[in-house]
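Enquirer: The structure under discussion is supplied below as structure tokens; questions concerning it will follow.
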Amino acid sequence: MFNRRINVTESFIPPMKDYTKYLQKAFDSKWLTNRGQLTIDLEDRLREYLCLNNILLTTNGTIPIQIALKLLADKGNVITTPFSYIATASTIIWENCSPTFVDIDPDFLTIDESQIESNITPNTKAILVTHVFGNPCNIDVIEQIARKHKLFVIYDAAHCFGVKYNGKSIFNYGDISTCSFHATKLFHCGEGGAIICNNKDFTEKVFYSHNFGHDGPLSFHGLGINGKISELQSAMGHAVLDNMSNIIQARKKVVNLYRINLENPNIKFLKIREGTEWNYSYFPIILNDENTLKKIEDLLNKEGVFPRRYFYPSLNTIEYLKGPRMPISESISTRILCLPLFAGLTQKEVNSISSLILKCL
Ligand SMILES: *Cc1c(COP(=O)(O)O)cnc(C)c1O
-3 MFNRRINVTE
7 SFIPPMKDYT
17 KYLQKAFDSK
27 WLTNRGQLTI
37 DLEDRLREYL
47 CLNNILLTTN
57 GTIPIQIALK
67 LLADKGNVIT
77 TPFSYIATAS
87 TIIWENCSPT
97 FVDIDPDFLT
107 IDESQIESNI
117 TPNTKAILVT
127 HVFGNPCNID
137 VIEQIARKHK
147 LFVIYDAAHC
157 FGVKYNGKSI
167 FNYGDISTCS
177 FHATKLFHCG
187 EGGAIICNNK
197 DFTEKVFYSH
207 NFGHDGPLSF
217 HGLGINGKIS
227 ELQSAMGHAV
237 LDNMSNIIQA
247 RKKVVNLYRI
257 NLENPNIKFL
267 KIREGTEWNY
277 SYFPIILNDE
287 NTLKKIEDLL
297 NKEGVFPRRY
307 FYPSLNTIEY
317 LKGPRMPISE
327 SISTRILCLP
337 LFAGLTQKEV
347 NSISSLILKC
357 L
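Per our numbering, the sequence shown starts with residue -3, numbered consecutively.
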């Protein structure tokens, strides 16, 4: 049925000559990291492309969460979501903070904002939540709660490249927003990430934190870590960014075709929050039960198609996180499957994947 293996995603590979055009600059200058010209230029391009006040590129999308927690949560308690990638919760433990999980909304898959306030304690310092699959959390309510209780807000916006909410970049919300430019993400640098600090009191601290705390070759502003992106990563970022509008258009076509093909009472799609300009980053389907999911997965795997169970398991069930039961997150995580989605997936392939899925219902 398929003449190639199809994974849940495929990294966008820019033409080699585009990549080498940028790489040549690093070779010519003999400058491979430490905020070279490619990195400075990529930050400029991204600030403009995404309409941001500031952006700091980092070596991946996990270090920026750690920096945010180090600066804003100070080993305290952090309210967070059980339905995300492991990095959202593991960074809390890594920074010696403690997580308090709050269950999710079954339609939007983001934190259930109505349950946040009752979970706040005197030790709560921050709210760290994920805009799941590029779908914004209920930002308005979260910010109200944060102001009232004097908490910092950190958004794990790893999935959100290009997303706008109420007319502005989603990265412009929260005290800090972070993003991932990992090879599997919509926009990528192979490995890479970014930190967007919207709280003026912390912009400098964030900058110093990502470079060992250096404020000169021989002096230090404070504690820091090495979160720098390299020029080789930034070169890839430039070459991918050159193709960004084509990438998003191609993915939009795939998503729209899936939506038509899979319209069925036994399949639920992600509900996108009103006011969102979405980025077509993931295409999850929610099924009635785990058996159906496994049937679909088995059949697709036999044909060489590999969807992915994002997110499974629910993070509160992981041994070192030891959270209380989260009925909605635990239930959804057993029934949700992300279908293959990337620029270059053909209409014929989407149709074949869709009909195999429908056969299992
Ligand atoms: C990918 C991802 C991360 C981690 O990003 P890396 O660049 O792989 O370090 C964090 N949170 C979420 C929700 C992600 O999907």
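The C-beta atom is built at its ideal place from N, Cα and C for all residues, glycine as well.
For Asn73, which three-state DSSP category applies?
Expert: Three-state result, Asn73: strand.
Enquirer: Compare the Cα-Cα distances from Tyr254 to each of Ile138, Leu352, Leu68 and Glu6 and report the closest residue.
Expert: Here the closest residue by C-alpha is Leu352.
Enquirer: Hey, would you say the C-beta of Ser176 is under 8 Å away from at least one heavy atom of ligand 1?
Expert: At least one heavy atom of ligand 1 is nearer than 8 Å to the Cβ of Ser176, so yes.
Enquirer: In terms of residues, what are the limits of the alpha helix (DSSP H) holding Arg253?
Expert: According to the sequence as given, residue 253 is Leu; it is not Arg. Run containing Leu253: Met240 to Asn257, per the alpha helix (DSSP H) assignment.
Enquirer: Below 9 Å between beta carbons: does that hold for Phe203 and Ile221?
Expert: No, the pair does not count as a contact, with Cβ atoms beyond the cut-off.
Enquirer: Starting from Phe183 and walking both ways along the alpha helix (DSSP H), at which residues does that stretch end?
Expert: Unbroken run through Phe183: none, as it is neither H nor E.
Enquirer: Straight-line CA distance for Gly130 to His155?
Expert: Their backbone Cα atoms lie some 5 Å apart in a straight line.
Enquirer: Sorted by chain position, which residues of the same chain lie with C-beta nearer than 6 Å to Pro78's C-beta, five sequence neighbours on each side aside?
Expert: Excluding residues within five positions, the ones whose Cβ falls inside 6 Å are Phe97, Ser310, Leu311, Asn312, Met322 and Ser325.
Enquirer: Any contact between the segment 167 to 184 and the segment 219 to 235? By contact I mean 3 or more CB pairs, one from each, below 8 Å.
Expert: Short answer: they touch.
Enquirer: Going by the C-beta, is Ser80 closer than 8 Å to any heavy atom of ligand 1?
Expert: Ser80 Cβ: within cutoff of ligand 1.
Enquirer: Could you check the C-alpha separation between Asp14 and Asp24 for me, to the nearest Å?
Expert: If you take the alpha carbons of Asp14 and Asp24, they lie about 16 Å apart.
Enquirer: What residue does the alpha helix (DSSP H) around Val4 start on, and which one ends it?
Expert: Here Val4 belongs to no alpha helix (DSSP H), and DSSP marks it neither H nor E.
Enquirer: Under 8 Å: does the beta carbon of Lys181 sit that close to some heavy atom of ligand 1?
Expert: Correct: Lys181 has its Cβ closer than 8 Å to ligand 1.
Enquirer: Using C-beta distances below 6 Å, list every residue in its chain close to Phe279, excluding the 5 sequence neighbours before and after it, in chain order.
Expert: So the list reads Val251, Tyr254, Leu335 and Leu337, once near-sequence residues are dropped.
Enquirer: Compute the Euclidean distance between the alpha carbons of Ile263 and His206, then round it to the nearest angstrom.
Expert: About 43 Å.
Enquirer: Would you say the beta carbon of Gly340 is closer than 8 Å to some non-hydrogen atom of ligand 1?
Expert: No, ligand 1 has no heavy atom inside 8 Å of this Cβ.
Enquirer: Quick check on DSSP: helix, strand or coil for His217?
Expert: Note: His217 maps to coil in three-state DSSP.
Enquirer: Work out the CA separation of Lys201 and Phe216 for me, nearest whole Å.
Expert: Each residue's alpha carbon lies about 11 Å from the other.
Enquirer: Under 7 Å Cβ to Cβ from Arg269, same chain only, skipping five residues before and after it: list those, please.
Expert: The residues are Phe104, Asn131 and Pro132.
Enquirer: Would you mind working out which of Arg304, Ile166, Ser350 and Phe183 sits nearest Asn257, comparing C-alpha positions?
Expert: It is Ser350 whose Cα lies nearest to the Cα of Asn257.
Enquirer: State the Cα-Cα distance for the pair Ser277 and Arg247, rounded to the nearest angstrom.
Expert: Roughly 8 Å between the two C-alpha positions.
Enquirer: Compare the C-alpha of His89 against each of Val74, His127 and Ala22 and name the closest.
Expert: Looking at the sequence provided, one finds Ile at residue 89 rather than His. Nearest of Val74, His127 and Ala22 to Ile89, Cα basis: Val74.
Enquirer: At which residue ranges does the segment 284 to 353 contain complete alpha helix (DSSP H) runs of 4 or more residues, listed in the order of the chain?
Expert: 286 to 298 and 323 to 329, all fully within the segment 284 to 353.
Enquirer: Could you compute how far the alpha carbon of Gly218 sits from the alpha carbon of Glu299?
Expert: Their backbone Cα atoms lie some 54 Å apart in a straight line.
Enquirer: Taking 8 Å as the cut-off, does the segment 47 to 56 touch the segment 183 to 197 (at least 3 CB pairs, one atom from each stretch)?
Expert: Result yes; three or more Cβ-Cβ pairs closer than 8 Å.
Enquirer: Please check the pair Phe157 and Phe183, which I expect to be a contact at CB under 8 Å, by giving their CB distance rounded to whole angstroms.
Expert: About 4 Å; that satisfies the 8 Å criterion.
Enquirer: Give a single yes or no on whether Asn56 has its beta carbon closer than 8 Å to a heavy atom of ligand 1.
Expert: It does: the Cβ of Asn56 is within 8 Å (strictly closer) of some heavy atom of ligand 1.
Enquirer: Closer than 8 Å by C-beta to Asn115: which residues in its own chain qualify, once you throw out the five before and the five after it? Chain order, please.
Expert: Ile75, Thr96 and Val98.
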